[in-house]
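Quick note on this note's numbering: the sequence shown kicks off at 656 and runs consecutively.
The beta carbon of each residue, even a glycine, is placed where N, CA and C say it ideally should be.
Notes for the one structure printed next.
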Amino acid sequence: MSNTAEAATGVTGPPPGGQTAGGNGVLRTLRRGFGAFLRQREATVLVVVVALFLYFTIDSSNFLTHANQANLLSGIAAPYIILATAEVLLLICGEIDLSVGFTFTLAPFLMYFLIAYDGVPVILAIIITLIFGLVVGAVNAFLTVTLGLPSFIATLGTSFILYGVVLTTSHGEPATLPASTEHIGKFFGNETTSAWGWSAIIWAVLIVVIFHIVLTQTRWGLHTVAVGGNQLGAREAGISVARIKYGNFMMTGMLGALVGLQVAFYDNTIDPSAGGYQYMFYAVAAAVLGGTALLGGAGTILGAGLGALLLAVFIDGFAIIGISANPLLIVFGAGVVVAMIANVQLGRLREAGRT
């Protein structure tokens, strides 16, 4: 009788296992969504950032305070995010800039000398300093692209030159920003003129968005990936390899100068020991953690930004919970290695999912 009723009404009983077709559809959709998420290069580092953020939030009540979040985002993360964004473009096209940390160091001193000794207006001094970053990038590109030196060696040489200029001109002593820079400082994140010092992280987010669009939506980004993936093939396809590399070296130099100014304004002082290889290596580490290939041809700006945020949370979080500075580098290095292992393994899963 029940079979006759079901046939008449067109309604059948539940499928085997007691699950409805709608329930299976929801599960399939969730699995597809989760699989699509894992296939993204930024997936691993995003998961690690969220996990660390939750851990430090639970472990210390001071982690989520306004003052600490301002320091974490603007004081620590913002410089790493901008420098990582710059390095991504070079890494994708198969190059690297070791000197960007010393462009960072010299830039605020250049602005200081222009204002204090030559009477140059503040805004003009900032513009000249950013142009100086472009020039440093052009020199690095000339040594690498035109003269054919490996970018590692060429930029290592220019980093020594830049740091030598810093120490010679500053006599190894810090300088205080001129009073005339106080008002412009709020646009770069000066903590004394900006309520919570949020300007620096706003700069960083804007730069990430702009360069993400450049990399993914413009011909420049397409050509950058093509040059890194197959330089000979890119040249045969009519892409100017030299123009792409010159442009990316110059953008890296300019962003290095921008970060130097930003940090000087945020701290309200110019430190000859600021920047250097630490900032450069952290930027490269952030780029690689975010999914950029060291051998070129693949990378992501969003991933680099998340990688820089990951490093900043590491640094700030462990300081907040009271880990000594001596073993901090051990924990930090181990964390980077573990994150990279997870990134590589998930990368293999992503490749396997495509086949």
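- Item | Endpoints, the alpha helix (DSSP H) within which residue 875 is located | 874-884
- Task: Note down the Cα distance separating residue 855 from residue 757, rounded to an integer number of angstroms.
- Result: 20 angstroms
- Task: Check each candidate in 819, 987 and 944 and name the one with the smallest Cα separation from residue 699.
- Result: 944
- Task: Report yes or no: do the region 761-780 and the region 950-970 share at least 3 C-beta pairs separated by less than 8 angstroms?
- Result: no
- Looking only at its own chain, which residues have a Cβ that is under 8 angstroms from the Cβ of residue 821, when we skip the five neighbours before and after it? 757, 760, 761, 764 and 927
- Query: Excluding the five sequence neighbours on either side, which residues of its own chain have a C-beta within less than 8 angstroms of the C-beta of residue 659, listed in chain order?
  - Reply: Unreliable positioning characterises residue 659 in this predicted model, as indicated by a pLDDT of 49, which lies under 50. The coordinate reading is nonetheless provided below. So the list is empty, once near-sequence residues are dropped.
- Would you mind giving the Cβ-Cβ distance between residue 921 and residue 729, rounded to the nearest angstrom? I have them listed as a contact below 8 angstroms. 7 angstroms
- Query: Using 8 angstroms as the Cβ pair cut-off and three pairs as the minimum, do the region 789-801 and the region 935-951 touch?
  - Reply: no
- Three or more C-beta pairs closer than 8 angstroms, one from the region 897-904 and one from the region 725-739: is that the case here? no
- Item | Inter-residue Cα distance where the pair is residue 708 and residue 857 | 20 angstroms
- If you drop the 5 nearest sequence neighbours on each side, which residues of the same chain put their C-beta closer than 6 angstroms to that of residue 987? 969
- Query: Near residue 839, which residues of its chain fall below 8 angstroms by C-beta distance, leaving aside the five closest residues on each side in sequence?
  - Reply: 777, 778, 781 and 920
- Item | Spatial distance of residue 829 from residue 886 (CA atoms) | 44 angstroms
- Item | Start-to-end residues for the alpha helix (DSSP H) that takes in residue 808 | 806-825
- Query: To the nearest whole angstrom, what separates the beta carbons of residue 905 and residue 789, a pair I think is in contact under 8 angstroms?
  - Reply: 5 angstroms
- Message: Would residue 703 and residue 965 qualify as a contact pair, given that the criterion is a beta-carbon distance under 9 angstroms?
- Response: yes
- Message: What residue range does the alpha helix (DSSP H) around residue 764 cover?
- Response: 755-771
- Chain-order list of residues whose beta-carbon lies under 7 angstroms from that of residue 959 (same chain, five-residue window excluded): 739, 740, 743, 941, 942, 945 and 947
- Query: Along the chain, where does the alpha helix (DSSP H) that runs through residue 931 open and close?
  - Reply: 931-944
- Would you say residue 747 and residue 907 are within 9 angstroms of each other, going by their C-beta atoms? no
- Using three-state DSSP, classify residue 992 as helix, strand or coil. helix
- Query: To which residues of the same chain is residue 818 closer than 6 angstroms at the C-beta, ignoring the five residues directly before and after it?
  - Reply: 757
- Query: So, using beta-carbon positions, are residue 745 and residue 811 closer together than 9 angstroms?
  - Reply: no
- Query: Taking just the CA atoms, how far does residue 717 sit from residue 917?
  - Reply: 26 angstroms
- Whose CA, out of 783, 853 and 954, lies closest to the CA of residue 724? 853
- Message: According to DSSP, is residue 831 part of a helix, a strand, or is it coil?
- Response: strand
- Expressed to the nearest angstrom, what Euclidean distance is found between the alpha-carbon atoms of residue 841 and residue 726? 15 angstroms
- Query: Under the three-state reduction of DSSP, which class applies to residue 925: helix, strand or coil?
  - Reply: strand
- Message: Using the Cβ count rule (16 or more neighbours within 10 Å means buried), how would you classify residue 864?
- Response: exposed
- Start-to-end residues for the alpha helix (DSSP H) that takes in residue 975: 956-975
- Message: Would residue 701 and residue 712 qualify as a contact pair, given that the criterion is a beta-carbon distance under 9 angstroms?
- Response: no
- Message: Since residue 911 and residue 755 should fall inside the 8 angstroms C-beta cutoff, what is the C-beta to C-beta distance between them, to a whole number of angstroms?
- Response: 4 angstroms
- Message: Could you check whether the Cβ of residue 813 sits closer than 9 angstroms to any Cβ belonging to chain C?
- Response: No chain C appears in the structure shown, which is made up of a single protein chain.
- Message: Using a Cβ-Cβ cutoff of less than 6 angstroms, which residues in the same chain neighbour residue 859 once the five nearest sequence positions on both sides are dropped?
- Response: 733, 736 and 737
- Between the CA atoms of residue 956 and residue 873 - distance to the nearest angstrom: 14 angstroms
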